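Input: a single structure, listed below in structure tokens.
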Amino acid sequence: MKNIKPGTVVIPVLIWIMIAIMLIPMVWMLLVSFKPYESNVTDFMVMLTTKFTMENFLKILDTSRMGRWIFNSFLIAAVQSLVGILLASLAAFALSVIEFKGKKVVFFIILAGLMVPVEALIMPLFSLIISLDWMNTYAGLIMPGLAMPLAVIIFKQFYDGVPRELIEAANMDGAHIFWVWRKIFLPLSGNTTAALMIFLFIQSWNNFLWPMLVGTDSSMMTLTVALPVFQSTFSTDVTMPMTANVIASVPALIVFLVFQKQIVKGIAMTGIK
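Taken in order, the sequence shown gives residues -2 to 270; the numbers are from the numbering used here.
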């Protein structure tokens, strides 16, 4: 007992307390979603004794445009994560491997993009979308999210560590520079690509401000934008909004659980902290 350090006991206890603080609201939301409409969900014992039902899920899927909103969110998140990652990888490859004038200036401009708050870009981006007549279009919802300076910097950090002997060997075999990126650099950065893609997918899925400004039509709303509208419709009840939030949380949770190993590997290899 004398050899036990206080930190070995206190730290695990604090970790479990933090886990409980984060999980209790999620468990409560899940339990409430299976309760009948207008049930008493403030009394925990009463809530546990009330029957569980799937009526809320069936009602939402039948009487709302939930399917359309889920499709919009998935399409936007998938395109932004896939295309954005490819563009970021190409940009990082050019900055890391190809020699051209002004390369440092381009890198510092990309680096400066991390220092500009997203809110500061809303007005110029919104004016551009209006001038292009992209309001309530997938192009207007997707295109601004393809610029990912953080992904470019992370990819460049990884590509700088790739042995240049591989490039020299490919050049001796007459390989084109694009072939070097596609056959050497892209496969080597598989874990980094997977981790970034998952982070960007979840970030895009949870994005609220930009889809709210551009997707004003009901058919172009994403799930995060539509949920507050749906909640105001059922303002006297808690079970329906909680059910809608459960449905909105499931895709992002599945993506995280399925690809969590890639996230850990990607973080270890890219040095994200």
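Where a beta carbon is used, it is the ideal one built from N, C-alpha and C, also for glycine. What you are looking at is a predicted structure, and each value in this text was computed from that prediction instead of being measured.
Segment contact: the stretch 76 to 95 against the stretch 145 to 162, three or more CB-CB distances shorter than 8 angstroms; contact assigned. One Cα belongs to residue 171, the other to residue 73, and the distance between them is close to 39 angstroms. Taking every protein chain shown into account, the CB of residue 224 has 16 or more other CB atoms within 10 angstroms, so this residue is buried. Judged by DSSP secondary structure, residue 81 falls within the alpha helix (DSSP H) whose first and last residues are 63 to 94. Residue environment analysis places residue 69 among the buried positions, since at least 16 neighbouring C-beta atoms fall within 10 angstroms of its C-beta.
In this model, residue 22 and residue 235 are separated by some 14 angstroms (Cα to Cα). A distance below 7 angstroms between beta-carbons, with the five flanking residues on each side excluded, links residue 77 to the following residues of its chain, in chain order: 139, 142, 143, 197, 201. One alpha carbon belongs to residue 251, the other to residue 245, and they sit about 11 angstroms apart. The C-alpha of residue 39 lies about 52 angstroms from the C-alpha of residue 88.
In chain order, 216 place their CB closer than 7 angstroms to the CB of residue 65, counting only its own chain and leaving out the 5 sequence neighbours on each side. One thing to note: residue 164 has its Cβ within 7 angstroms of the Cβ of residue 177. Taking all protein chains shown into account, residue 126 has 16 or more neighbouring C-beta atoms within 10 Å of its C-beta and is therefore buried.
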